[in-house]
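Using the UniProt record's numbering, the letters of the sequence shown map in sequence onto residues 1 to 459.
Quick notes on the structure that follows.
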Amino acid sequence: MMTAVHASKNYDVTIIEKNEKPGKKLFITGKGRCNVTNNCDEETFLKNVITNSKFLYSSIYNYNQSSVMKDFEKWGVKLKTERGNRVFPESDHSSDVIKALTEQMKKCSVKVIYNTEVVRVITEKRTESNDSSYDSSHDSSHDSVNCFGEANRNSSDLVAIGVEIISQNSKNRKILKADVIVIATGGYSYQTTGSTGDGYKFVKDMGVDVTPIRSGLVPIVTREAEVKDLMGLSLKNVSLKVTALKENFPKLKKDKVIFEDFGEMLFTHFGISGPLVLSAASYISLFVYKERHKMISADEEESFIMDNNISGIKMEIDLKPALSIDELDKRILRDFDEFHNREFQNSLGKLLPRLLIPVIVKRSGIKAQKKVNEITAEERIKLRDTLKRFTLNMHSFRGFNEAIITGGGISVKEINPQTMELKKVKNLRVAGEVIDVDALTGGFNLQIAWSTAKIAAEI
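Spelled out as structure tokens, the structure:
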């Protein structure tokens, strides 16, 4: 939609929309509130991009967060900035963002064909007749028209000339010719919104490299059954350290810390979620992909969709990061002094949330009914260490149906970052989640979508 609005200044634009209405995935972003962007400077923004941040320099500086906010304000969406510079509509309704974009499309006479799928992108060989910049010395004996034929799988001289579409209602097929085509099909997550990975298929058949896809910003299943007892517990102001264990990753010489940060997390019936965990998940996902990629032999085909198994990843939660080891020990001593006649299980109410107490008691190894004044220094130290290193072992990701974003996608090496045009296919551009770039939570991924969409529209 963003590409359509900006491209309509110079072109007649048609959107092929798989769904019955636009913006289905946009509607559910930010838990229905739509985290439009992040109101930080460009340098800070790019630090929050996990994968291929340098690729985004041109697009982010061309259409930055401030520009996006100004446009939406101009289009009638009043915005507010919340904690962490996250920007939302004042109404807290993502539908206002969608409405603004659809109204702009109407004003710009953008045509939308609903309930219709693109079957394939049609290409032909570049020649002097269809491209004045073409060097005929590169000519070869390929067929002149190509719809993903084998002969052109390794070609670098194609031109996109149109798409074949099919109506979901009538099942009728037709060819639409176009001067420029932009693939903005999204990733592979939340497939009920229409993001089913079509864009990857279109370009792979042209010999364009696509990095295997993986879940990103996704909840995690843990091995510990006790997390079920903590379901619904939200922890604020905790720190998280994620470590990959060398025995599970053959290329590691020693255990490797792959993520450390501070924030908020949530326990669920299956494991853990919340902003801090979702960010950790994207780092875990990227690390596991890279380690597995190292193990692929030259004659072995790599799976295009990475499975959800993340065995060998350990997570340590510091429940009291504001206190040093010694400070926490003194705090425990004060509480023990105050509640010296109570049973241990009834002495932790000032220190911990109610749901967490039975789990900590069990992990500490101290008998629940033991009187506080009978607890030894050794036992107290075990309690202290349990609070500073609450360990969970990872089992798997919850998968694409719960992943906020898709990691992987069309390789940035295949794309001109100043135009979003594929280097191997003239007049074929890409925008948004279909590209192999992804970022942390906080409005960064939507900004990537807006920025790449805008630069793809500058044709």
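Where a beta carbon is used, it is the ideal one built from N, C-alpha and C, also for glycine.
Only a predicted model underlies this, so the values are computations on that prediction, with no experimental measurement involved.
| Is it the case that the Cβ atoms of LYS320 and LYS388 are separated by a distance below 8 Å? | Yes, these two residues count as a Cβ contact at 8 Å.
| query | Of all the options LYS371, GLY312, LEU383 and SER347, which has the alpha carbon lying nearest to the alpha carbon of ASP329? | reply | When C-alpha distances from ASP329 are compared across LYS371, GLY312, LEU383 and SER347, the shortest belongs to LEU383.
| Is DSSP giving ALA4 helix, strand or coil here? | Residue state, collapsed to three classes: helix.
| query | What separation, rounded to the nearest whole angstrom, lies between the Cα atoms of THR441 and VAL97? | reply | Taking the straight line joining both Cα atoms gives about 19 Å.
| message | If you follow the alpha helix (DSSP H) that VAL277 is in, where does it begin and where does it stop? | response | First-last of the alpha helix (DSSP H) with VAL277: 275-294.
| task | In angstroms with no decimal places, state the Cα-to-Cα distance between LYS177 and SER167. | result | Per the coordinates, the alpha-carbon of LYS177 lies some 16 Å from the alpha-carbon of SER167.
| query | The alpha helix (DSSP H) with ARG363 in it runs from where to where? | reply | Unbroken alpha helix (DSSP H) run through ARG363: 357-364.
| field | Residue from PHE336, ILE360 and GLU338 with nearest C-alpha to ASP229 | value | Considering only alpha carbons, the answer is ILE360.
| Which residue from LEU101, SER396, ASP157 and PHE45 puts its Cα closest to that of VAL277? | Nearest option by C-alpha distance: SER396.
| task | Alpha carbon to alpha carbon, how far is THR376 from THR44? Give it in angstroms, no decimals. | result | In a straight line, the C-alpha of THR44 is about 48 Å away from that of THR376.
| request: Thinking GLU100 and GLY432 are a contact (beta carbons under 8 Å), I'd like their distance in whole angstroms, please. | output: Strictly speaking, residue 100 in this sequence is Ala, with Glu absent from that position. Cβ-Cβ separation between ALA100 and GLY432: approximately 18 Å, too far for a contact (criterion under 8 Å).
| task | Rank ASP261, SER215 and GLY199 by C-alpha distance to the C-alpha of ILE305 and give the top, closest one. | result | The shortest Cα separation from ILE305 among ASP261, SER215 and GLY199 belongs to SER215.
| task | Could you spell out the range, first to last residue, of the alpha helix (DSSP H) harbouring LYS452? | result | One detail in the question is off: residue 452 reads as Thr in this sequence, not Lys. Here the alpha helix (DSSP H) through THR452 covers 444-457.
| query | From ASN341 to PHE259, what distance separates their C-alpha atoms? | reply | Distance between the alpha carbons of ASN341 and PHE259: 41 Å.
| task | Report yes if the CB atom of ILE29 is closer than 8 Å to the CB atom of LEU446, and no otherwise. | result | The question names Ile, yet the displayed sequence has Thr at residue 29. Yes; because the gap between Cβ atoms is below 8 Å, this pair is in contact.
| request: Please list, in chain order, all residues of the same chain as LYS390 whose beta carbon is under 6 Å from its beta carbon, the five residues on each side excluded. | output: Sequence inspection shows Phe at residue 390; the Lys mentioned does not correspond to that position. For PHE390, where only same-chain residues beyond five positions count, the Cβ hits under 6 Å are ILE317 and LEU319.
| query | Taking C-alpha atoms, which residue in PHE270, ALA439 and VAL203 lies nearest to LEU392? | reply | Closest by C-alpha distance to LEU392, out of PHE270, ALA439 and VAL203, is PHE270.
| query | Which word fits GLN369, buried or exposed, when buried means at least 16 other C-beta atoms lie within 10 angstroms of its C-beta? | reply | By the Cβ-count criterion, GLN369 is exposed, with fewer than 16 other Cβ atoms from all chains shown falling within 10 Å of its own Cβ.
| message | Using the three-state DSSP reduction, which class does LYS174 fall into: helix, strand or coil? | response | LYS174: strand per DSSP, three-state reduction.
| query | By the 10 Å Cβ neighbour count, where 16 or more other Cβ atoms means buried, how is LEU356 classified, buried or exposed? | reply | Counting other Cβ atoms within 10 Å of its Cβ, LEU356 reaches 16 or more and is therefore classed as buried.
| task | Look at LYS424 and GLY207 and say whether their C-beta atoms are less than 8 Å apart. | result | Between LYS424 and GLY207, the gap from beta carbon to beta carbon is short of 8 Å.
| For the UniProt domain "RsdA/BaiN/AoA(So)-like insert" (311-405), which segments carrying the beta strand (DSSP E) assignment without a break, of at least 3 residues, lie completely within its bounds, in sequence order? | Along the UniProt domain "RsdA/BaiN/AoA(So)-like insert" (311-405), the beta strand (DSSP E) occurs as fully enclosed runs of 3 or more residues at 313-318 and 390-397, listed in sequence order.
| field | Three-state secondary structure (DSSP) of LYS413 | value | Reduced to three states, the DSSP call for LYS413 is helix.
| query | If you check the beta carbons only, do VAL68 and THR37 fall under 8 Å apart? | reply | With contacts defined as CB atoms closer than 8 Å, VAL68 and THR37 qualify as a contacting pair.
| query | Ends of the alpha helix (DSSP H) at residue 477? | reply | For residue 477 there is no data in the structure shown, the boundaries of the chain being 1 and 459.
| field | Residues bridged to GLY187 [DSSP beta-bridge criterion] | value | Partner(s): none; GLY187 has no beta bridge.
| field | Residues of its chain near ARG398, where Cβ-Cβ distance is below 6 Å and the 5 sequence neighbours each way are ignored | value | Setting aside the 5 residues that flank it on each side, ARG398 is surrounded in the same chain by VAL218 and PRO219, each with a C-beta closer than 6 Å to its C-beta; the list follows chain order.
| field | Residue from SER279, PRO358, ILE381 and HIS293 with nearest C-alpha to GLU264 | value | The option with the nearest alpha carbon to GLU264 is SER279.
| task | Return helix, strand or coil for GLU421, following the three-state DSSP convention. | result | If DSSP states are grouped into helix, strand and coil, GLU421 belongs with the strands.
| query | Taking C-alpha atoms, which residue in VAL221, ASN48 and LEU26 lies nearest to THR193? | reply | Out of VAL221, ASN48 and LEU26, LEU26 has the C-alpha closest to the C-alpha of THR193.
| What's the C-alpha gap between LYS350 and LEU233? | Each residue's CA atom was taken as its position, placing LYS350 and LEU233 some 16 Å apart.
| Apart from the five residues just before and just after VAL49, which ones in its own chain have a Cβ nearer than 7 Å to its Cβ? | LEU56, VAL437, ALA439 and PHE444, listed in sequence order.
| Exposed or buried, what is LYS293 when buried is set at 16 or more other beta-carbons lying within 10 Å of its beta-carbon? | Going by the sequence as given, residue 293 is His instead of Lys. Exposed, by the Cβ-count rule.
| VAL36 by DSSP, collapsed to three states: which one? | VAL36 falls in the coil class under three-state DSSP.
| query | In whole angstroms, what separates the C-alpha of LYS367 from that of SER273? | reply | In this structure, the alpha-carbon of LYS367 lies about 30 Å from that of SER273.
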